[in-house]
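Everything on this sheet refers to the single structure shown next.
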Amino acid sequence: MDSVLELARWQFGIVTVYHFLFVPLTVGLTMLVAVLETIWLRTKNPEWLRLTKFFAKLFLINFALGVVTGIVQEFQFGMTWSDYSRFVGDVFGAPLAIEALLAFFLESTFLGLWIFGWDKLPRALHNACMWIVHLGTLASSWFILAANSWMQHPVGYTFNEITGRAELTDFWAVMVNKVQLGTFPHVILAAYLTSAAFMLGILGWLYMRRPGENNADRPMHRRGMVLAAWVMLFSGVGVAVSGDIQGKIMTEVQPMKMAAAEALWETSDSCAPFSILTIGTRDGKHEKWALEVPCVLSFVATGTFDGKVEGIYDLQERYRETYGSTPGATYYSPGDYTPNIPVTYWTFRWMMGLGAVGSLIGLAVLWLTRKGRTPSGWVGRALPALAISAPVMVLLGNSMGWIFTEMGRQPWVVFGVLTTAQGVSPGVAPWEVWMSLIGFTLLYAVLAVIEVGLLMKYVKKGPDPFVEPPSPTLRGSDSDADEPMNFAY
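Under our numbering, read the sequence shown as residues 33 to 521, first letter to last.
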């Protein structure tokens with residue numbers, strides 16, 4: 033790798049995938065913490081309050097790391113993608129500014145109220161603060177995904193030939209982009225699945241680490257696992273349904289991505305099969321053996337089992353007629369509009385496979401603990417192992433999904449408008465990108481050690497013993513107006 037383009041792509045990929053490890057956990061944990069506190073308020077069972085504060089600590093660790101790694105994302109645009117920033121700046125300015133000034137400040141403000149307000153706010157209002165934090169994370173996700181969806185399907189803009197920039201003409205069109213309407217529920221439901229798997233894995237580990245009839249916390253761990261398993265099951269079904277809708281929208285706006293996901297070189301006029309596993313040449317052009325399910329690709333792409341799915345060869349010719357084949361049009365070779373086939377093929381399958389297995393783990397946990405049962409013997413030993421494997425699988429599935437989404441769009445950074453090669457900063461030398469790439473990689477390695485260390489420290493301790501929260505007080509003549517706010521932990 034000695035070109036600025038390839039180095040810049042690697043750097044952006046590393047930074048983005050690393051940051052996205054924290055995003056679904058943060059979004060989903062705000063919902064789970066709010067649910068746990070709501071259950072405590074309704075049942076008055078102290079176990080639910082212990083779980084609330086326990087997972088709130090883990091959420092705050094991930095929130096802090098997510099904010100730090102998210103800030104680095106912004107530096108990327110000015111460092112190695114200045115031409116891209118210049119091109120999309122007018123379109124992205126509004127949604128990203130609203131995200132920062134409205135959504136993120138909403139999250140931060142009410143998160144502060146929730147952290148410091150245990151003895152200051154009425155309990156229902158305190159619980160409402162975390163629900164508002166969750167709404168803030170949803171709003172942040174909406175505006176950020178709207179920007180990304182515009183890269184997948186640019187709408188609501190005009191191209192200014194004098195300035196060479198895209199200019200926003202219809203803000204509402206960007207906000208309700210058809211890709212956005214499919215992507216948002218898919219990403220949010222995947223976040224719920226991820227955070228529930230995280231909760232299941234941690235409680236499963238505690239359940240396994242502290243066995244025995246004398247362990248008073250074991251029923252609490254089990255109840256939390258059951259709750260997490262239900263969330264995993266419902267969100268997993270939602271991910272599958274929204275993913276099916278998203279696949280059809282993707283075929284409509286980016287048919288090359290769907291063809292690349294199946295390594296479909298020749299157009300299939302009807303009943304295109306979906307291959308679960310294929311053995312072939314490295315470039316995916318020649319198949320030696322494949323395990324296929326008939327007609328499934330046609331259904332995934334078009335909604336009918338006899339639908340036509342265009343192949344890469346035909347799409348390549350159509351793209352050349354539409355976008356041209358002049359030198360420098362793409363980063364591969366003149367007129368080559370094909371993404372990396374092995375990457376798109378396998379990330380598509382890992383995304384679906386790992387997500388499906390994660391949901392099935394939730395179903396298995398519900399079955400093994402049905403009707404209040406506490407499994408024993410080898411089943412009891414298998415239960416925690418299943419729970420612990422869930423967050424690893426779902427986190428990997430999330431990452432595979434984003435890699436597929438972004439790699440499948442190549443060679444475009446804004447589909448049909450701006451190629452990836454055209455978005456790179458023109459005045460950056462390879463050694464400069466090498467320096468920042470190595471620096472960010474080392475920094476993220478240190479942050480990973482800190483993150484894992486903090487998580488293990490608090491997970492090993494488990495939920496703190498129950499302490500009745502202070503009663504909310506109203507400041508009046510008999511209270512100290514200068515009494516400081518106390519941190520809940």
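Idealized CB from N, CA, C, for every residue including glycine. The structure presented is a predicted model; accordingly, all values stated were derived computationally and were not measured.
Helix, strand or coil for residue i? Go by DSSP, reduced to three states.
| i | result |
| --- | --- |
| F306 | strand |
| S300 | strand |
| V446 | strand |
| I194 | coil |
| V481 | helix |
| Y351 | helix |
| A322 | strand |
| T48 | helix |
| V375 | helix |
| V332 | helix |
| T401 | coil |
| T283 | helix |
| T370 | coil |
| T473 | helix |
| T452 | coil |
| V341 | strand |
Would you call the CB atoms of residue i and residue j closer than 7 Å?
| i | j | result |
| --- | --- | --- |
| P502 | D151 | yes |
| R416 | G236 | The sequence as given places Pro at residue 416; Arg does not occur at that position. It is a contact, given that the beta carbons lie within the stated cut-off. |
| M257 | L232 | yes |
| A66 | M162 | yes |
| F472 | V99 | no |
| V491 | I234 | yes |
| A322 | I373 | no |
| L221 | V271 | yes |
| I147 | L486 | no |
| T376 | I344 | no |
| D301 | R197 | no |
Excluding five sequence neighbours on each side, which residues of the same chain lie with their C-beta closer than 7 Å to the C-beta of residue i?
| i | result |
| --- | --- |
| F20 | The structure shown does not extend to residue 20, since the chain is modelled only from 33 to 521, so the question has no answer here. |
| E131 | S172, F175, I176 |
| Y224 | G60, M63, V263, S267 |
| W72 | W80, L81, T84 |
| T215 | L177, S181, Q278 |
| T201 | G188, Y189, T190 |
| P287 | E342, L347 |
| L395 | L265 |
Using C-beta distances below 6 Å, list every residue in its chain close to residue i, excluding the 5 sequence neighbours before and after it, in chain order.
| i | result |
| --- | --- |
| L68 | W80, L83, T84 |
| T379 | M432, I435, F436 |
| A228 | A260, V263, M264 |
| D346 | T299 |
| M183 | V446 |
| I420 | G233, G236, W237 |
| T75 | none |
| P127 | F175, A178, A179 |
| H253 | L235, L238, Y239 |
So, for residue i: in the same chain, excluding its five sequence neighbours on each side, which residues have a beta-carbon less than 8 Å away from its beta-carbon?
| i | result |
| --- | --- |
| T226 | P56, L57, G60, P423, V426, L427, N430 |
| F136 | G168, S172 |
| C303 | P326, C327, S330, F337, D338 |
| L386 | M425, V426, L428, G429, M432 |
| A388 | G268, A272 |
Evaluate contact between the region 459 to 479 and the region 203 to 216, counting only Cβ atoms and requiring at least three cross-stretch pairs below 8 Å. no
Completely contained beta strand (DSSP E) runs for the region 167 to 243, where each covers 3 or more residues: 189 to 192, 197 to 200
Counting only runs of 4+ residues fully inside the region 112 to 158, write out the alpha helix (DSSP H) ranges in chain order. 114 to 130, 137 to 148
Would you call the region 444 to 460 in contact with the region 114 to 131, where contact means no fewer than 3 C-beta pairs closer than 8 Å? yes
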